[in-house]
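Inspection log for the structure reproduced underneath, given as structure tokens.
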Amino acid sequence: MITEKPVCVTGASGFIASHIVNQLLAEGYRVRGTVRKSPEHYPFLLQLPGAGERLELVEADLLKSESFIPAFRECAYVIHTASPYVINVRDPENDLVKPALEGTAAVMAAAGKTGSLKRIVLTSSVAAITDEPDSTKVFTERDWNSRSSLQRHPYHYSKTLAERAAWDYIEQKKPHFDLVTINPSMVTGPSICPTINTTNAMIRDIMNGVYPGIFDINWGFVDVRDTARAHILAMEKDSACGRYLCSAGLLHMRELVELLNLSGYSNYRLPKRDLTGRFGTALMTALSWTQPRDTGTYIRTHIGRSIRYGCSKIKQDLGISLMPVMESILEAVDDMVRKGHLAPPAKS
Ligand code: NAP
């Protein structure tokens, strides 16, 4: 269902957003992307197929509340992805919560002034669902993170407050458009933008010997192209509604290291020491206090505990199938080598 009216993608320069822009252009949509600098800073967007005819870049900032009003003019849909995705920050209030929350409030208010708008698709996160595993349950769209704060998992806190604010706006103002959220787990895969995103940087760090051993932790992953596709399906399908948890599967750190060892990356400084037992967990918990604050909190809330996500709603409602996480991670690593974020594998 291609519309004549543009689709606005906020934070178009980002890892997920640039894939959304690419797929929208490939489908024939007119796209308006918001960015923070002038358009010539984004050749990787301007050179996408179809961009010459159908991509317009406009400046907007989450902290400049009026800046989204002209960006949304005449748009049929807004896909709001812009938000800082950083784990360790010096000032959680100003570096994370303010841009996430005030930015979402600005986006909702600007949408309210855009008569042509049908729907906003918001990139939320599993961070708005929970900030720690619970072995007694499978997390679904019904769950809300109620534990994070400025001191505990501030990134999770920023995503929870931002998503809540968007739903509160819908409930209180009953606007002419509706809201759908996509709540991905850790998004990996090859990137269109030249920067490295936080999830891929974690995989790079594992390969560069940053971790002292393999410890008892697992992560939910989903491919960036599937995540982008989910946003577009959520936009296109009239019947889409509410929140959509989006995670393709879990990978234990041991499985991740094994995968990389068996896939031609054994010459990297992959962790070798097995710290997955009780001693290792105690050691890593002690070591977590030497880490930057938010990495330390993450280790302490996740080590030795497995998280489970129920993703049947996204598959049923949007009809999407999510590619296996191992495939996506290998493509991410290959891409990081190509882009120079990782040294090329040494010849064995
Ligand atoms: P990313 O590559 O860092 O993209 C973040 C985008 O937000 C960039 O375009 C950035 O612009 C923009 N942004 C940040 N602060 C801004 C501000 N003050 N004003 C305007 N734009 C601002 O991260 P990503 O991985 O694509 O994440 C995109 C969204 O997905 C975020 O909402 C994130 O919370 C969510 N998410 C990500 C993951 C994941 O694993 N990647 C998982 C779940 C949810 P600049 O390029 O100018 O910095």
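Each position in the sequence shown, counted from 1, maps to that position plus 176 in the working numbering.
Each residue gets a CB set at the ideal place from its N, CA and C atoms; glycine is no exception.
Are the CB atoms of residue j and residue i within a distance shorter than 8 Å?
i	j	result
isoleucine 490	isoleucine 496	yes
proline 309	arginine 430	no
serine 243	glutamate 235	yes
threonine 257	threonine 186	yes
isoleucine 372	alanine 410	no
serine 464	glycine 456	no
valine 207	arginine 484	no
glutamate 317	glycine 418	yes
aspartate 493	histidine 329	no
Along the alpha helix (DSSP H) that carries residue i, what are the first and last residues, could you check?
i	result
aspartate 470	469–478
asparagine 376	374–383
arginine 514	501–514
cysteine 343	Here residue 343 is tryptophan; the residue named in the question, cysteine, does not match the sequence. 330–349 is the span of the alpha helix (DSSP H), which, as asked, contains tryptophan 343.
aspartate 402	400–412
Report the rounded CA-to-CA distance for residue i versus residue j, giving the unit in angstroms.
i	j	result
arginine 476	threonine 461	6 Å
leucine 436	threonine 306	29 Å
alanine 285	tryptophan 343	13 Å
alanine 304	lysine 335	6 Å
threonine 466	glycine 453	20 Å
threonine 299	alanine 404	10 Å
glycine 291	isoleucine 379	43 Å
arginine 230	threonine 210	14 Å
glutamate 347	phenylalanine 397	31 Å
cysteine 184	alanine 193	11 Å
leucine 201	leucine 224	8 Å
lysine 289	isoleucine 479	46 Å
proline 520	histidine 428	25 Å
glutamine 199	glycine 190	14 Å
aspartate 510	leucine 518	9 Å
What three-state label does DSSP hand residue i in the structure shown?
i	result
glycine 228	helix
leucine 239	coil
leucine 446	coil
histidine 352	coil
valine 386	coil
leucine 198	A quick correction: the sequence has asparagine, not leucine, at residue 198. Helix at asparagine 198.
Along the beta strand (DSSP E) that carries residue i, what are the first and last residues, could you check?
i	result
threonine 364	362–364
tryptophan 465	Run containing tryptophan 465: none; DSSP gives neither H nor E here.
isoleucine 245	No beta strand (DSSP E) contains isoleucine 245, which is instead part of the alpha helix (DSSP H) from 244–248.
From the beta carbon of residue i, is the nearest beta carbon of chain D less than 8 Å away?
i	result
proline 468	Given the protein chain composition of this structure (a single chain), no chain D is represented.
Pocket of the ligand NAP (residues with CB nearer than 5 Å to any heavy atom), chain order: My final list is Gly187, Ser189, Gly190, Phe191, Ile192, Arg212, Asp237, Leu238, Thr257, Ala258, Ser259, Pro260, Tyr261, Pro275, Thr299, Ser301, Pro360, Met362, Val363, Asn373, Thr375.
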